Every structure is written in C-alpha cells, then in structure tokens.
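Numbering (the numbering used here), first residue to last: 264 to 712.
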C-alpha cells in the first residue's frame, strides 16, 4: 500500500518533498526515520508508524541530507543520476557533468537527489549557466590541467583555486574534512588502501582529493592506483571478491583470496559472471594464492613499491617491504567486539559486525585507535564475519529498506525454513533464495529429529 501511495499519489518535485511536514502515518509501528526541517536547514529523526506517511521520509540521515540539504547550483549539477527507490516511472531530466548536456531518464517517484528537472529547459537554465565549459572532460584542455572550482556555503560563490600539477598529487592528498559545518557524503582516494572511500565533507575548505561519487573518484585515481600496484592486473588473487551476476541465481559455494588477511574465504557465487578470484575448492585457492605468498617470492617483492602520499618509501631489504605492507591476521573473535569510533575527530564511514543480529552496520570512525571490528565496506565485513557465527541460529532480519523480496530463513527452534519478505538491505546470512537452499544449508547442520 505504501509503495502504491508513494508511486501513484505523490508526484513531487524535489522542493515539495523536502518541504512536507513529518508524517508518522496511521499505523502503530515504531520505526526511526528522518525528515528535512526547512526552518533549521537540517535533518531530524521522528517515529514512523510503518504505513502511508509522505515523501519527506528517509531511512537514514545521510539519505535525507543528500536529497534535501541546501546545495549551490554548481553542486546540484555535479550530482550523479539517481532514479530513486520507488516503483513509478516518470520522465525527468538530469545534467550529465561528463558531457555537459541535459539528458532524459526515468524517475521512480521517490528518493533520488536534486539533479532532477521536469523538462530539458529547466535543466539547461540552471546547469548550462553554472558549470564552466572547461570543466567538461570532453573539452580539448586535458582534464588534469583544468582549474578546480570548489564552492563556499558562506558567500554562495564558486571560488577558483590553484590547479594541481598532476592527478598523482590529487590522489595522494590526505582525506580533508574541511572547516564548515555541513555533513555531505563525498569520496576520496585512500593511498594506503588504494581504494576510493566515502567520508563526510563539511562544505568548504578541504583539498582536491574529493569527488561527488565513486565513479568520478575511480576515473581520476585508478590509473594512479595501477602505478602503485602494477602486479594487480596479472594476478587474480589481487582482484576483489565478486559475487557475479545476480540474474543467474544459481547459488553455489566458491572460494576467494582476501589480500587483507591473506586467507581464502568461502562465499556464495551467483553462478555466472564475476572475476578470476573464484575457486571451486579451498585447496585450489590456497595453492594458487596462499602458498606462493608464504614462500616469499623474492622477485615479486622486488617489484613492489611502497607509496605514501605519492612518495616512494625508502626500502633497504625485502624484510622491510614486508614489514611495511603486512597486515595482522584477522581472527573471527574480533567480530564479537563492540565497535569503537576511537578518540580522533575525523569522519570516516566504516562498517562493523553486530553479533547480536548478525548484521554489518555503518558507523563513524574518528581515524585513529579503535579495534579490529572495523571494515572499509559492507562486503569486507560480511566476508570476514558472516562465518563467525552459526548462521542457522541467527534471527530473521527483514532489513531497513523499502523493497519486498521473497526469501527464506531457518528457525532453529522449530527446525523449519520459512518464507519472509526481505527489504533489500541490512540483512544477515540467515537468508536464502529458496526453501530448498535453506534446508540444504541448515538441515545438514541440524537434521530433522
């Protein structure tokens, strides 16, 4: 019903959605949701009953902030395309910062961001006059030689800064929160992990190692990452875990090598797609990825170069390289620790495993100390901790999104598999695509009496 109401009744604009008052709805549930309060210019939480309501209703503060927080025209036009999370189909227009053109897309009816316009004219009126011609990657001037134009919330101006000398210098800069008071999700390249990571940007200040989305960050910095790790394209063991194409749904157990804890882990593979870091048995994975590294291939170590902030660290021996790059082995008992934000004050979005319900959840990490129950991504958290508990004893978790996907869970007390509706996110490992898979997994552990 709620999905129907959101799809068919509310045909909103971005302004209407964020101006609507909080609406708990007539149902009697108690769910923490977030709404945007225009008078304060910020998002606040409220108790949602579980049905009806209106579109000023967000699962998280980040989602609310992204959809409604005040942005300059330049920042709106730099946002990526966002279709939203409902089931409607409405023609809308967005500005593509990569081409400098307004393009049509299909909007779902709720969610999304402010880079959404009723028609092409509205889109062009805002963005063609806002984004300078030399910003577009299609222009003749090399992208890396163009000026960077951050915005300032204080005077609503675009302020030019000195352009970086090369993309290496941008990608090697440390993550910088800035010195204003906003909390805007942005992306930066972490030279230590060689990945693009999310962080909270304050709205002004900071540096050029800041991107609107993961794609923009990777387009800028993955070439730099490939210089740091030239071996990666030749070694399947260095590729990330890839579940494959979820359209196949031919679930089977496979094994992949995790470069962070230097071990092989089991995972569910969809049955097609994926990458080369995919082995049928633990023995095959170990023989390909673990044993050669334990032998300490000197030739490979000599090819490695250790970088920090764009500078190669001096190395006097293979032993030193290993000491700088090695990571302490991860132990499953770390998954049972209470997450620890640490005493520092940075705003890194990290993940921890909640052993009470078996769900990997986000938290804000300050940047120092803390403990081992901290991961860069939900996928890493699940890889390392989902097998730390007996998944057949975990509770049934619907999750916190708005979807309805038929899944099955195992009830340990009745020793039966039951159907339930999964929301689409923030579930646990006691979730199976079919009753047969559920029974194969858990009845083998606990045969019917």
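We treat Cβ as the ideally placed atom computed from N, Cα and C, and that holds for glycine. In this text the structure is predicted, and so the values were computed from the model without any measurement.
Residue 520 is classed as buried because its beta carbon has at least 16 other beta carbons within 10 Å across all chains shown.
Only exposed fits residue 362, as fewer than 16 other CB atoms lie within 10 angstroms of its CB.
The Cβ-Cβ distance between residue 340 and residue 358 falls below 8 Å. Our two residues, residue 371 and residue 513, have alpha carbons roughly 29 Å apart in a direct line. Pairing residue 597 with residue 675, the inter-Cα distance amounts to about 25 Å. DSSP places residue 617 in no alpha helix (DSSP H) but in the uninterrupted beta strand (DSSP E) bounded by 611-617. Proximity to residue 344 across 355, 471 and 480 peaks at 355, based on C-alpha coordinates. Taking the C-beta atoms as reference points, residue 671 is found nearer than 8 Å to residue 680. DSSP places residue 608 outside both helix and strand once states are collapsed to three, so it counts as coil. Beta-bridge partners assigned by DSSP to residue 682: 671. If you look at residue 525, you'll find it isn't in any beta strand (DSSP E); DSSP assigns it neither H nor E.
Here residue 632 is exposed. Its C-beta has fewer than 16 other C-beta atoms within 10 Å. Annotated three-state conformation of residue 328 is helix, per DSSP. Nearest to residue 280 by alpha-carbon distance, out of 327, 473 and 463, is 327.
Contact check for residue 526 against residue 516 fails: the beta carbons are separated by 8 Å or more. With respect to residue 616, residue 636 sits close: the two C-beta atoms are nearer than 8 Å. For a cut-off of 8 Å, the C-beta gap from residue 288 to residue 313 is around 7 Å, short enough to register as a contact. When the beta-carbon positions are compared, residue 462 and residue 438 come within less than 8 Å of each other.
Taking the C-beta atoms as reference points, residue 640 is found no nearer than 8 Å to residue 663.
Annotated as distal: residue 506 and residue 464, with beta-carbon spacing of 8 Å or more. Put simply, the backbone Cα of residue 375 is about 46 Å away from that of residue 550.
Residue environment analysis places residue 478 among the exposed positions, since fewer than 16 neighbouring C-beta atoms fall within 10 angstroms of its C-beta. In the three-state reduction of the DSSP assignment, residue 280 falls in the helix class, which pools H, G and I. When beta bridges are read from the DSSP output, residue 295 appears opposite 310. Residue 315 and residue 286 have their alpha carbons spaced roughly 8 Å apart.
Collapsing the DSSP output to three states places residue 483 in a helix. Residue environment analysis places residue 601 among the exposed positions, since fewer than 16 neighbouring C-beta atoms fall within 10 angstroms of its C-beta.
Residue 469 sits buried, since 16 or more C-beta atoms from the chains shown fall within 10 Å of its C-beta.
Nearest to residue 659 by alpha-carbon distance, out of 682, 667, 643 and 481, is 682.
As the crow flies, the alpha-carbon of residue 534 is around 39 Å from that of residue 364. Between residue 628 and residue 613, the C-beta spacing is below 8 Å. In this structure, residue 504 keeps its C-beta atom at 8 Å or more from the C-beta atom of residue 446.
Under the three-state reduction of DSSP, residue 548 is assigned to helix.
Excluding residues up to 5 positions away in sequence, 340 and 358 lie with their Cβ nearer than 6 Å to the Cβ of residue 390 in the same chain.
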